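Below is one structure; the comments refer to it alone.
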Amino acid sequence: MAWGNAGRGRGLLALTFCLLAARGELLLPQETTVELSCGVGPLQVILGPEQAAVLNCSLGAAAAGPPNRVTWSKDGDTLLEHDHLHLLPNGSLWLSQPLAPNGSDKSVPEAVGVIEGSYSCLAHGPLGVLASQTAVIKLATLADFSLHPESQMVEENGTARFECHIEGLPAPIITWEKDQVTLPEEPRLITLPNGVLQILDVQESDAGPYRCVATNSARQRFSQEALLSVARRGSLASTRGQDVVIVAAPENTTVVSGQSVVMECVASADPTPFVSWVRQDGKPISTDVIVLGRTNLLIAGAQPRHSGVYVCRANKPHTRDFATAAAELRVLAAPAITQAPEALSRTRASTARFVCRASGEPRPALRWLHNGAPLRPNGRVKVQGGGGSLVITQIGLQDAGYYQCVAENSAGMACAAASLAVVVREGLPSAPTRVTATPLSSSAVLVAWERPELHSEQIIGFSLHYQKARGMDNVEYQFAVNNDTTELQVRDLEPNTDYEFYVVAYSQLGASRTSTPALVHTLDDVPSAAPQLSLSSPNPSDIRVAWLPLPPSLSNGQVVKYKIEYGLGKEDQIFSTEVRGNETQLMLNSLQPNKVYRVRISAGTAAGFGAPSQWMQHRTPSMHNQSHDMPIQRGPPLPPAHVHAESNSSTSIWLRWKKPDFTTVKIVNYTVRFSPWGLRNASLVTYYTSSSGEDILIGGLKPFTKYEFAVQSHGVDMDGPFGSVVERSTLPDRPSTPPSDLRLSPLTPSTVRLHWCPPTEPNGEIVEYLILYSNNHTQPEHQWTLLTTEGNIFSAEVHGLESDTRYFFKMGARTEVGPGPFSRLQDVITLQEKLSDSLDMHSVTGIIVGVCLGLLCLLACMCAGLRRSPHRESLPGLSSTATPGNPALYSRARLGPPSPPAAHELESLVHPHPQDWSPPPSDVEDRAEVHSLMGGGISEGRSHSKRKISWAQPSGLSWAGSWAGCELPQAGPRPALTRALLPPAGTGQTLLLQALVYDAIKGNGRKKSPPACRNQVEAEVIVHSDFSASNGNPDLHLQDLEPEDPLPPEAPDLISGVGDPGQGAAWLDRELGGCELATPRPDRLTCLPEAASASCSYPDLQPGEVLEETPGEAAKLKAPCPLGASPGLPRSPVSSSA
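In our numbering, the protein residues as written are 353 to 1490.
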């Protein structure tokens, strides 16, 4: 039954009921709505009188929205509508229990067969078809009592027990009545769910009639009454001095997980016995198991861990007499999908892999559906790992749709679905055409094809695929073929076998559709073995030769004839005869009596005869012995027939066989030969000798390993040949070893990459790998972080780690049976997070923009202030002179004797880092720029054991002395730098002016726009004097003011900014290269021009280094400067952006 017109809401359902009710055709009973999709099942629906159910079919979580079409089935067949079974307009199914005539509570007999059954649906969605779980519909019933309570007499303080039994759907609720009144709730009165009433410490008031009441949605029934009589204690001779007897023993019970279980045990003795419970396996009884009454066990919500054998023991007080009773509790767990397959999107000709894991008790079996139909494995579609892994190769459009993983066991089923979308790109080549396969021999086929019609020029290669055309679960093989090849010879095929070939073309964009398959049948080959032979003589001159036909695996084609050769034992003359291939016996006539003949046989196909069998000897009877007794066979016994191997466990295999079909020799015993499959090492071959039995359990095998077996028959003083080889693999087991060659490598401060290899002893197909990691290896394993990957992946990345932290890793592998051992601990330290890692691009951009705006504001303010202050030339402490062709130069003044504590350092010229600090090479330049922008404020908060070279030092080493140490003549006026004119440390003006001066002289051929302020050197001196005037010592006096000499004529115009920047830098380096501290005045700096060839006192000083001085020691190298800059003038962001 199918339904179309998707998209109609459930309002149609209500509307339908209203219309039918208005027409008088339908009463609106109480309804139960059941959703059917790919989920847990089967769903049980029990319809009581005047009840109805609505079954909705949906795609569930696999797709949003209602299905396009719904198809319903009942008990696997097409659904037929009925008066009480209707298909609604929205595709739902409505059904109800018909009312019985005359108000009877019995179901209509014909309605039971129409309504009751298993219902399922197929939901057609946009990507494919989805099959739902099953809904089992039953009509509520309540049968008659199959067991009524029986009357009994009990002594006072004894125990009375009544029991009744009744079947019904749903399971009826059992209550008890005394004198047709419901029993009150008392601790002495215990009603068990299985219909048992126990009355403890019986009193005289308990005497009276009792009956059982069963109630469910169908009806209510009453049992027959049973009378309880109470006798005085000790009045019953049957109980006086009675030994221990268990009146009601526990019964074997099987329940589904979550149900409640009562294990009943009632014992009788005089005196009253003590009852205790234990588990037969010695494990303690779970703490959630309680005692109901005095002797019963109640397990509310049973779980698989409660499964086991429980023993009830009743002990007679003050004696050693006891009695026991045991019962097994088995708790089943319905299947649950623990790992559902995930939706995939793949291009054509690629590979898709779905993984499904399920749990349950017993272990559920897995099967797959494709678009609602059972999936049939073939060469491209393989089910691996016990059904938990589905691999589809060479994906085509026909593979798109929904794939469902269904787990089933005796407790129920579970389902999970995932979609596969096949992506086809534009511009792909069409499929190759005219594929032909021509057999060349019994094992070779020539496959030829023509290039595709569309986009043939874009083809980069072909792939040829083939598999057996008959049978199930065949393996598909493929070959890669060059672009210029349109035929290929395929070898190593099996004779007399049907094969299927197809070709796929590939371009840079992807793969084409598969070509039309070509079928071919390989030619016959000669048989690879001879038939088993049997000889007998019905009379002295005849020998009857009989044989068994060869199986297809040995015939290599259709056997068309047999050749039988025979002759006397020691003569060279051999006779030969041939019979048709459908014959299985031949009579050799006109033979000599009492002679030994030898006989052999060979089978032949269209390709010829195969190897003959071994010679078998047979003596014909003598003329005096005309009896037809069993003839004497002189040949060795034949191998056993019907050899079959069956896996028993991961380390054992059952091998079974039967006696040879044709034998006249008494078989004494058998020898079994086995070895790992495919290995020809004689040391790995093992022999077992079996008695006359026809089976043997071979143990000590390796898990998940394929073995080959052969059996040999032994007669009296003669051994037969080994029979044909049979193959069988042991069952999988947990891995014996962990993953090997685990390697860890940090990628980022929060990521570590793992590489590993499969276990050396996997003992099965690895379905997933387990990764445990933690930064504390002393923690228990359940507190470690667990990650899992698929079994075909051998590397992974672990994210979300902390930087610069030591982590410990270990790995394990899991098969379908369970996990194996974990590897030994390995540790790795994540990378340290850098500044660039913590700042994103927006943060860095914001910092740069903010700094640039601040510097531009400072520059504009200072230039504006300089232009508005023409009177600064007459400030105290400064004198100016003008020379022709040069701007006014200001002379620096030296104030009174400096005090050492008042010395200021060039915070912007030498970085205020401690001595042992060395920036990484990758961020030296960045940190220098950032620190230069921040000025000298950092040094103010630190206590230095070393001081930087100041402008004026009592020890005699000057600021210029850190640049060069060449002796200069002490003639002429000399400029002096005073401490009073120095700015305080950490001033932004010092940083800005230093940057401006450095920007004016660094050039080196780089064209620079004119500065915003002309008198940069002037500005530097003015600001310094302002600082000294405002922040200097008030007791200081201006003294020893000396005019500063003008610049030499060859000096470039540094002040105006018109001269060549490169020339200015060269001149400054040359001038500063000839500076040395004058000896007469320790706090004066003298600079006069000197030859460029003056020697330097620091020959090892590199362009990127500056000097540092400690008290009492010579200057030392401190922090590196940017290459190409003068020492002491670090690279500044202001100059680089000018």
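Cβ coordinates follow ideal geometry from the N, Cα and C atoms, glycine included. These numbers were taken from a predicted model, which means no experiment stands behind them.
Residue pairing by DSSP puts Q550 in a beta bridge opposite R513, I542. Checking the DSSP bridge columns, you'll see W629 partnered with C664. Of all alpha-carbon atoms in V776, Q756, V775, the one lying nearest the alpha-carbon of A768 is that of Q756. Here E507 has V554, V582, A583, R584, R585, G586, S587, L588, T591 as same chain residues with Cβ atoms under 8 angstroms from its own Cβ, once five neighbours each way along the sequence are excluded. Between the segment 1083-1091 and the segment 1032-1051, the count of C-beta pairs closer than 8 angstroms stays below three; the two stretches do not touch. Taking the CA atoms as reference points, I518 sits about 50 angstroms from P1055. Under the Cβ criterion (8 angstroms, minimum of three pairs), the segment 874-886 counts as touching the segment 945-961. Judged by DSSP secondary structure, S905 falls within the alpha helix (DSSP H) whose first and last residues are 904-907. Spanning the alpha carbons of L1139 and K1162 requires a straight line of approximately 11 angstroms.
With fewer than 16 other Cβ atoms from the protein chains shown falling within 10 Å of its own Cβ, P1132 counts as exposed. DSSP lists no bridge partner for V827.
Sequence-distant Cβ neighbours of N568 in its own chain, meaning closer than 6 angstroms and more than five residues away, are L494, G520, P522, P524. For A679, the beta-bridge partners assigned by DSSP are Y662. Closest by C-alpha distance to G764, out of L718, V776, T936, is L718. Distance from the CA of S444 to the CA of A483, rounded to the nearest whole angstrom, comes to 15 angstroms.
The beta-carbon separation of V683 and P656, rounded to 5 angstroms, stays under the 8 angstroms limit for a contact. Setting aside the 5 residues that flank it on each side, Y1125 is surrounded in the same chain by W1136, T1137, V1150, Y1159, F1160, F1161, each with a C-beta closer than 7 angstroms to its C-beta; the list follows chain order.
Below 8 angstroms, enough C-beta pairs join the segment 559-577 and the segment 500-515 to call them touching: three or more.
When Y914, W967, P892, S965 are compared, the shortest CA-CA separation from N941 is found for P892. DSSP, reduced to helix, strand and coil, places I1200 within a helical segment of the structure shown. Per DSSP, reduced to three states, the secondary structure at S1042 is strand. If you check the CB distance, P1111 and P1098 do not come in under 9 angstroms.
One Cα belongs to P964, the other to I926, and the distance between them is close to 14 angstroms.
Between the segment 768-779 and the segment 851-858 there are fewer than three C-beta pairs closer than 8 angstroms, too few to call the two in contact.
Put simply, of I551, T606, L1153 the residue whose alpha carbon is nearest the alpha carbon of Q1184 is L1153. About 12 angstroms separates the beta carbons of W1009 and E998, which is beyond the 8 angstroms limit, so they are not a contact pair. Here Q750 is exposed. Its C-beta has fewer than 16 other C-beta atoms within 10 Å. Setting aside the 5 residues that flank it on each side, A870 is surrounded in the same chain by V787, T788, A789, V799, E852, F853, Y854, each with a C-beta closer than 8 angstroms to its C-beta; the list follows chain order.
Residue state for C1209 is assigned as helix, using DSSP reduced to three classes.
The criterion of a C-beta distance shorter than 9 angstroms is not satisfied by N648 and P716. The closest CA to that of Q594, considering only L491, L549, A675, is found on A675.
9 angstroms or more divides the Cβ of V406 from the Cβ of V422.
Just measuring C-alpha positions, the residue of A413, T384, G547 sitting nearest L399 is T384. In the three-state DSSP reduction, C1215 falls in the helix class (H, G or I). As the crow flies, the alpha-carbon of A770 is around 45 angstroms from that of S1076.
Rounded to whole angstroms, the Cβ separation of V912 and G956 is 6 angstroms, and the two are in contact under 8 angstroms.
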